[in-house]
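Chains as they are written, first to last, in our numbering: chain A, 1 to 194; chain B, 1001 to 1194.
Heads up, the beta-carbon is just placed ideally off N, CA and C, and yes, glycines get one too.
None of these values were measured; they are calculated from a predicted model.
Each remark here refers to the structure printed beneath this line.
Protein chains: 2
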Amino acid sequence: MNFLEERILKDGIVKEGNVLKVDSFLNHQMDVALLDEIGKEFHRRFADKQITKVLTIEASGIAIAYAVARCFGVPMVFAKKAKSINIDGDVYTAEVESFTHKNKNMVLVSKRFLSAEDKVLIVDDFLANGCALQGLISITEAAGASVEGIGIAVEKGFQYGGRSIRNLGYHLESLAIVESMDPKNKTVVFREQV
Amino acid sequence: MNFLEERILKDGIVKEGNVLKVDSFLNHQMDVALLDEIGKEFHRRFADKQITKVLTIEASGIAIAYAVARCFGVPMVFAKKAKSINIDGDVYTAEVESFTHKNKNMVLVSKRFLSAEDKVLIVDDFLANGCALQGLISITEAAGASVEGIGIAVEKGFQYGGRSIRNLGYHLESLAIVESMDPKNKTVVFREQV
Chain A
1 MNFLEERILK DGIVKEGNVL KVDSFLNHQM DVALLDEIGK EFHRRFADKQ
51 ITKVLTIEAS GIAIAYAVAR CFGVPMVFAK KAKSINIDGD VYTAEVESFT
101 HKNKNMVLVS KRFLSAEDKV LIVDDFLANG CALQGLISIT EAAGASVEGI
151 GIAVEKGFQY GGRSIRNLGY HLESLAIVES MDPKNKTVVF REQV
Chain B
1001 MNFLEERILK DGIVKEGNVL KVDSFLNHQM DVALLDEIGK EFHRRFADKQ
1051 ITKVLTIEAS GIAIAYAVAR CFGVPMVFAK KAKSINIDGD VYTAEVESFT
1101 HKNKNMVLVS KRFLSAEDKV LIVDDFLANG CALQGLISIT EAAGASVEGI
1151 GIAVEKGFQY GGRSIRNLGY HLESLAIVES MDPKNKTVVF REQV
């Protein structure tokens, strides 16, 4: 069992409706030492890739992306939700449905920050149905950049997001893959990973 | 001139309508070395305070809060916009108007992550009219916690947010205070700080 799986067992909260709350350490309150560790672990797992940029989506992906980008010594970019007056019209966009918030958002990345030369590592805190990830992949490919890898902190293995993205041939690494959760007994079972 | 003022002069873009774009290094694409530097600088400026928590608001404040929290070795918490199914009902809330997005958001922090014992350093990337900051201050004080200081990367000195917060007696440190901008000549004038 790795450090993130251990932390989920210690501080994660299992709720009805397949909700796993990790908000005391990962996506509301954030444990910075844990984030540093996550950054190092993704750097180790993608060490053979010449990453030029780390891409994520706001909001909770930002801290993880920063942790990873520090280790690679490259800039991070986060896809923004909705239109801001501070964003030029020259943007890559994708429509993303949120499992957590039950709504759709247009997300965008300025064309100035992704180019055909970029080798991109996409990261996020959660992977469930994969909508956010598909949006980030589509934006990266619209820029002509390559998706070198995808790093996820917590994957819900019982939803189809991870499988469909692996089936498409992407190198996806999830630090913790939840196979099942039981809100009654407060238990979490992780997929065995080598 | 400090490192952030120099970077704004080098890579900031002045637009009509008092818009200063720093999206190539601070709030869309992020320069992680610059963020590290910002973290260290706020740690230096608030070194005499016994900070127990760093508080910010999503989205672009998250990376700065992480950088600062790393230096203090404390957790960071970010106030969330809108209601998520993953947040308990037990939250502190404040209504915040966004200068950038021209809309209002309810922001919230779970009561589990701020207590009367907390000594809070509030940080954000921008300070203009101060609405976001007032929301974070109000949430901190609703928790009975103390606002030990406020750290802002870029303050728009010609808007009233900074003045009103200083008048209220808070210890506010802004790394760069923009006194005026000229979109025609692409110039930025900073307030002299000791």
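Check, Outcome
"DSSP three-state assignment for residue 168 of chain A, whether helix, strand or coil", "coil"
"Three-way DSSP call (helix, strand, coil) for residue 1134 of chain B in this model", "helix"
"Test item: CB-CB of residue 1172 of chain B and residue 1150 of chain B under 8 Å", "yes"
"Residue-level contact to chain B via CB, residue 43 of chain A, 8 Å cutoff", "no"
"Range of the contiguous beta strand (DSSP E) that encloses residue 1092 of chain B", "1091-1098"
"Contact set between residue 1066 of chain B and chain E, taken where Cβ atoms lie within less than 9 Å", "Looking for chain E here will not work: the only protein chains present are A and B."
"Beta-carbon neighbours of residue 1076 of chain B, restricted to chain A and to distances below 7 Å", "30 and 32"
"Same chain only: Cβ atoms within 7 Å of residue 1166 of chain B, ignoring 5 sequence neighbours per side", "1172"
"Any 3 or more C-beta pairs closer than 8 Å across the region 40-47 of chain A and the region 61-80 of chain A", "yes"
"Neighbourhood of residue 21 of chain A by C-beta distance below 7 Å, restricted to the same chain and skipping five residues each side", "12, 13 and 15"
"Interface residues of chain A facing residue 1007 of chain B [CB-CB closer than 7 Å]", "Within chain A, no residue comes near residue 1007 of chain B; the closest Cβ sits about 13 Å away, beyond 7 Å."
"Beta-ladder partner(s) of residue 1147 of chain B, from DSSP", "B/1120"
"Any 3 or more C-beta pairs closer than 8 Å across the region 67-76 of chain A and the region 1026-1039 of chain B", "yes"
"Residue 94 of chain A: CB within 7 Å of a non-hydrogen atom of the ligand SAH", "As presented, the structure is devoid of all ligands, the ligand SAH included, so that no description of it is given."
"Interfacial residues, the region 171-185 of chain A to chain B, with Cβ spacing under 8 Å", "none"
"Within chain A, the residues that residue 1003 of chain B reaches when beta carbons sit closer than 9 Å", "Simply none; closest approach about 17 Å."
"Length of the line joining the Cα atoms of residue 191 of chain A and residue 114 of chain A", "34 Å"
"Proximity below 8 Å, CB of residue 1055 of chain B to CB of residue 1074 of chain B", "no"
"Proximity of residue 121 of chain A and residue 46 of chain A at Cβ, strictly below 8 Å", "yes"
"Candidates B/1117, B/1128 and B/1109, of which the one nearest residue 1097 of chain B by Cα", "B/1128"
"Reduced DSSP secondary structure (H/G/I, E/B, other) of residue 1175 of chain B", "strand"
"8 Å contact criterion, which residue 143 of chain A and residue 124 of chain A should meet: CB distance rounded", "At roughly 18 Å, the Cβ-Cβ gap does not stay under 8 Å, so residue 143 of chain A and residue 124 of chain A are not in contact."
"Per-residue DSSP class, three states only, for residue 1078 of chain B", "strand"
"Among B/1106, B/1110 and B/1034, the one whose alpha carbon lies nearest that of residue 25 of chain A", "B/1110"
"Where residue 1140 of chain B sits in the DSSP three-state scheme", "helix"
"Whether residue 57 of chain A touches residue 107 of chain A by CB criterion (8 Å)", "yes"
"C-beta atoms of residue 1177 of chain B and residue 1193 of chain B nearer than 8 Å", "yes"
"Neighbouring residues, chain A, relative to residue 1158 of chain B (Cβ below 7 Å)", "Simply none; closest approach about 17 Å."
"Inter-residue Cα distance where the pair is residue 175 of chain A and residue 1164 of chain B", "45 Å"
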